[in-house]
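Quick note, the sequences are listed as chains A and B, same order. Letter by letter, the first sequence follows residues 767 to 1198 of the numbering used here. Letter by letter, the second sequence follows residues 767 to 1198 of the numbering used here. Beta carbons: idealized from backbone N, C-alpha and C, even for Gly.
Protein chains: 2
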Amino acid sequence: MAVPHLTTALTGPLLELEQRILGAMPDIEGWFRAQWQEHTPPFYGSVDLRNAGYKLAPIDMNLFPAGFNNLNPVFRPLAIQAAQVTVDHLCPGIANLLIIPENHTRNLYYLQNVAALRDTLRLAGLKVRVGSLLSEITAPTDIDLPDGNTLTLEPLVRRGRRLGLADFDPCMVLLNNDLSAGVPAPLQDIDQTILPPPQAGWHSRRKSQHFALYDRVASDFARLIGVDPWLINPYWGVCRGIDFQARAGEECLAETVREVLEQTRAKYRELGIEQTPFVMVKADAGTYGMGVMSVKDPSEVVGLNRKQRNKMAVVKEGMSVSDVLVQEGVPTFETLNDAVAEPVVYMLDRFVVGGFYRVHTERGEDENLNAPGMHFAPLAFENCCTEPDATDPPDAPPNRFYAYGVISRLALLAASLEIEALILPAEEPEPV
Amino acid sequence: MAVPHLTTALTGPLLELEQRILGAMPDIEGWFRAQWQEHTPPFYGSVDLRNAGYKLAPIDMNLFPAGFNNLNPVFRPLAIQAAQVTVDHLCPGIANLLIIPENHTRNLYYLQNVAALRDTLRLAGLKVRVGSLLSEITAPTDIDLPDGNTLTLEPLVRRGRRLGLADFDPCMVLLNNDLSAGVPAPLQDIDQTILPPPQAGWHSRRKSQHFALYDRVASDFARLIGVDPWLINPYWGVCRGIDFQARAGEECLAETVREVLEQTRAKYRELGIEQTPFVMVKADAGTYGMGVMSVKDPSEVVGLNRKQRNKMAVVKEGMSVSDVLVQEGVPTFETLNDAVAEPVVYMLDRFVVGGFYRVHTERGEDENLNAPGMHFAPLAFENCCTEPDATDPPDAPPNRFYAYGVISRLALLAASLEIEALILPAEEPEPV
């Protein structure tokens, strides 16, 4: 199977990072074990990574991951086993689980993801059915999928404080819907466990909170293995109360862009990286890569034209953008046949269960690879992510994939701190 | 990859069993989940199965399994993940683990197993070293293995009530030594957790106790899925106080053989199975297939000649045999290129992590395939054992392997009841 190549000569710091990760492996795993004694991992998650050669960092963490259909089928037993561990304590004994997906009925690629997730959970030994929030689903509706699988969407039935289907009372509800527009009525005041908790939907989740907690996780971890935390952590800043249409908040945005660019430029100078700094300007809440701009100079965010403002002002489900994250751009230097390749790592509970590359031929190394309408070719990881081999070079595929799994689990840990804070907003999350 | 074929027309009852297992999958997994809430699985185990076409049953359960080197490397991530789950609660945080293997220094195939086990536990994130009980190991000794791996045996060092190596203090000791000759002094009165517990060594373990507990597990499980428990459970009896050399106890042996043959014959008549019943006569304590006879008539165990008596009287490490298990023979009807193939399933904690066939060209379907000096060719399972597909026939390989995993986990559950009884001999094990 093909593995993308790093197409940059600037691999010195990364090789050192990968070498440190490889050498500290038992300490790293022991550190994670101790963290998971204190913090509950999310039910699942996916992490978008960027590998710049001189830096390996998460740029996004999804708590409602799609794309399970893109994982290498060889590793499905790993996902099944991880799901068994997860449901052991959530649903002991014979149990029903209800998946609530996004309200897409025509995005068959997304529905293949739901079917893949359903099948994995079934093979973990649960009775799994899929309930739709769509009012148009009034009876069980079979949808034939391009991969030959079938997904049946069924109407939700609420009985008092329990959610289920007409003849199905689940022990838990698994959300594969990021609740961008808020918590729908059927999901409010439910007695069953809902995971991830509805409070972690994009209606209340903020990337800036995630990356604030990631800062803490990354600096603890960097201390553990003795590296500069910047090697695994992009700089960032946030501007709140922006109104793109009214051109309100442009000064904050320009100032934050200037700061993040300046920090990045200073670090590039320190490490001798000959690269032009850029930042990604993103909605602080939201997904699907809507409301994202790549910016190299503060002037670019001042006096946006109508098209640019429209693009930035609205994300999924028509939610308007008022808070904006300005994140150091980490270029992607992994390519496959000249196409840019961005790794995405999937986790169930605390376990890495696979990953794939988004391979895209038409975009550059400093652009957003998860844009609406973007047609990436998924390339499943050939092995993942628990079999590093210290006798191989630090960038041999099993070692590179191990490093990907480690960095992704750091983002997962930050997400678990984030969920703690979202569920108990009055309390400080425990220190890592 | 090749999969052995069932070479018997008598597959009606088995197909029904496999169909029931397939159909009851969520109930089966829920039942296991509930069992593992009540009972702690052994650290690891392997189960020898026989597939007669009309019957699928465990004939042996090993708590100190060798053969990890024979598993399909594609599934090593599954073993790594299972090991992570296991050590999570045994050794939280950064941790050392000490393996104590059998006292073989020349059996390189066995030592490849130890190295495979060590590597899996290392990849699970532990610092793992191997300590030898052999007095001749007075300094770290590297042994080069046929597969290119290296195993370092190190001298045990005891400090008070802690066991370790000169510069290595483990959080737990993993036994890969079945302690046939008793618990060696260095392992007595140790504060660290030793798993499996030394009380579960063959010096005190009895197959008859295992199969008595398996009777209970198998009948509960058979009720769950609505089948005759005999389909998954061989008849058996036990004779104690036998002295082969003094010809004492032959009457008990002949009578027990007669009873087990008669029970088997009656069941064959009931189900229309045209097969000649036979029994396996085995030492009640012991391994390596020493002290095993295949018998078709009670007269065969009366008046044994010197050679036969010598064969039966002594098992591993020169231990004399006084207790004898008489077990219904379950013929092996799986063959690969005319060679008899016996499945062996491996588990870590409560998870099936792989398996292989012992493929042997020189022995018949009713003989013991695990005899000393026997050279079997291991054939790793091509997939294992968590991906049944109800749209395939019940004997399609993924479904057959799922059934193997289920039956093996029943034996694993019996072993966990057995360990409870061995550790707390005064208390009755809890009902399943």
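Check: Near-chain A residues of the segment 1012–1023 of chain B (beta-carbon distance less than 9 Å), N- to C-terminal order; Outcome: none
Check: Start-to-end residues for the beta strand (DSSP E) that takes in residue 1172 of chain B; Outcome: No beta strand (DSSP E) holds residue 1172 of chain B; the alpha helix (DSSP H) holding it covers 1163–1189.
Check: Close beta carbons around residue 1190 of chain B, own chain, < 8 Å, minus the five adjacent residues each side; Outcome: none
Check: Three-way DSSP call (helix, strand, coil) for residue 820 of chain B in this model; Outcome: coil
Check: Residue 795 of chain B at chain A interface by Cβ criterion, 7 Å; Outcome: yes
Check: Residue burial classification, residue 1071 of chain A (beta-carbon count within 10 angstroms, cutoff 16); Outcome: exposed
Check: Chain-ordered chain B contacts of residue 799 of chain A [CB-CB under 9 Å]; Outcome: 850, 853, 854, 857, 858, 859, 860, 861 and 891
Check: For residue 1005 of chain A, the first and last residue of its enclosing beta strand (DSSP E); Outcome: 1002–1005
Check: Residue-level contact to chain A via CB, residue 844 of chain B, 7 Å cutoff; Outcome: yes
Check: Whole-angstrom C-beta distance between residue 864 of chain B and residue 952 of chain B, which should lie under 8 Å; Outcome: Not a contact, Cβ separation roughly 11 Å.
Check: Nearest residue (CA-CA) to residue 979 of chain B, options B:827, B:1152 and B:1078; Outcome: B:827
Check: Own chain residues within Cβ distance below 6 Å of residue 916 of chain B, not counting five before or after; Outcome: 908 and 910
Check: Beta-bridge partners of residue 1106 of chain B, as assigned by DSSP; Outcome: B:1101 and B:1126
Check: Contact set for residue 977 of chain B: own chain, Cβ-Cβ below 6 Å, skip 5 residues either direction; Outcome: 1002
Check: Members of the segment 904–929 of chain B that neighbour chain C once the beta carbon cut-off is set at 9 Å; Outcome: The structure shown contains no chain C; its protein chains are A and B.
Check: Check whether residue 844 of chain A and residue 1109 of chain A have beta carbons under 7 Å apart; Outcome: no
Check: Which of helix, strand or coil DSSP assigns to residue 798 of chain A; Outcome: helix
Check: Amino acids of chain B, ordered along the chain, whose beta-carbon sits closer than 7 Å to that of residue 803 of chain A; Outcome: 858
Check: Burial state of residue 1073 of chain A (16 or more Cβ within 10 Å); Outcome: exposed
Check: Anticipated Cβ contact below 8 Å, residue 1006 of chain A with residue 1088 of chain A, distance rounded; Outcome: 7 Å
Check: Positions along the segment 1139–1161 of chain A whose CB lies within less than 7 Å of some CB in chain B; Outcome: 1152 and 1153
Check: Uninterrupted beta strand (DSSP E) stretches inside the segment 921–952 of chain A (no shorter than 3 residues); Outcome: 923–925, 928–930 and 938–942
Check: Residue 1184 of chain A versus residue 989 of chain A - alpha carbon distance; Outcome: 21 Å
Check: Cβ-Cβ distance between residue 939 of chain B and residue 954 of chain B below 7 Å; Outcome: no
Check: Within-7 Å CB hit, residue 1181 of chain B to chain A; Outcome: no
Check: Residue(s) in a DSSP beta bridge with residue 1143 of chain A; Outcome: A:1125
Check: Bounding residues of the alpha helix (DSSP H) (the contiguous stretch that carries residue 984 of chain B); Outcome: 973–991
Check: Residue 842 of chain A versus residue 1167 of chain B - alpha carbon distance; Outcome: 15 Å
Check: For residue 771 of chain A, the residue or residues it bridges with in DSSP; Outcome: A:1101
Check: Inter-stretch contact (C-beta, 8 Å, three-pair minimum) for the segment 827–838 of chain A and the segment 878–887 of chain A; Outcome: yes
Check: Same chain, Cβ closer than 7 Å to residue 891 of chain B, neighbours up to 5 away in sequence not counted; Outcome: 850
Check: Through-space distance from residue 1125 of chain B to residue 1101 of chain B, alpha-carbon basis; Outcome: 8 Å
Check: Per-residue DSSP class, three states only, for residue 789 of chain B; Outcome: helix
Check: Assigned secondary structure, residue 1049 of chain A (DSSP; H/G/I helix, E/B strand, else coil); Outcome: strand
Check: Min CB distance residue 963 of chain B to chain A below 7 Å; Outcome: no
Check: Cα-Cα separation, residue 969 of chain B to residue 949 of chain B; Outcome: 8 Å
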